[in-house]
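Numbering (this note's numbering), first residue to last: -16 to 258.
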């Protein structure tokens, strides 16, 4: 397969070959339908470089490389639209759950209307401080969401599970500050208690949950809901993480120059610390 061939040879490729390799690895669905000339133009190399790149990987020529990439795209499409067998072993069970997540993503888009998303985006953009917390197996999602919002340039703090730390962060809430809680817990919840306290203290609150019936969903003023019900003991957080990521990406796009500057500064610091 083309990806394995690229990884196998990547460390020994020239700079121009690596440009071709990087493009294919990052956007192979587009590359699958490009001519050698179009691919060469996309990465600013000669057409002969693209042809020789294919040969360097062990293909007779560029058409054979493209055929391999197209086969991968066709396989993915067939798996995407195939209906998993109900009784076909554990691997079929995995496919069934992934297919349910695909349907849940559509439901999440329908539930979170443009007005809901606009209110959430406006609230986050205007916040002088944003506190994000999570619990149970959704805590990593909360921490990731906080990190993405921070990368987007927002004043975000991630509050870990320590009660004293949370109390210190929540003790001086002011108007327009936002407290975000992410949890899969339906019943009594530490996140729900925090949101109720924050709301009573005058802060804006946002619950991120895969369950409309949870205490957390009822505790917050605003709700980001992504269906995650399954026939297993675990809620799926796929839709919730997708929505959180899209929100952070949207906010980062509103100040692309500032985000690029921060990324460059981070890269320079990383280079200095690593050398």
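Glycine included, each C-beta is placed from N, C-alpha and C at the ideal position.
The Cβ atoms of residue 167 and residue 120 sit closer than 8 Å to each other.
Between residue 190 and residue 164 the beta-carbon gap is near 5 Å, inside 8 Å, which marks them as a contact.
Annotated as distal: residue 216 and residue 91, with beta-carbon spacing of 8 Å or more.
Residue 19 sits in a helix when the DSSP states are folded into three classes. Contact between the segment 219 to 236 and the segment 79 to 95 is present: three or more C-beta pairs spanning the two stretches fall below 8 Å. Non-local C-beta neighbours of residue 141 in its own chain, meaning closer than 6 Å and more than five positions away in sequence, comprise 115, 126, 129, ordered along the chain. DSSP links residue 113 through a beta bridge to 139, 161.
Remark: fewer than three beta-carbon pairs, one from each stretch, lie closer than 8 Å, so the segment 33 to 42 and the segment 71 to 79 are not flagged as touching. Between residue 15 and residue 53, the CB-CB gap stays under 8 Å. Relative to residue 93, the option among 226, 201, 20 whose CA is nearest is 226. DSSP places residue 207 within a strand segment (E or B) once states are collapsed to three.
Rounded to the nearest whole angstrom, the C-alpha separation of residue 109 and residue 26 is 40 Å.
In this structure, residue 99 keeps its C-beta atom at 8 Å or more from the C-beta atom of residue 230. Note: residue 226 is not bridge-paired with any residue in the DSSP secondary-structure output.
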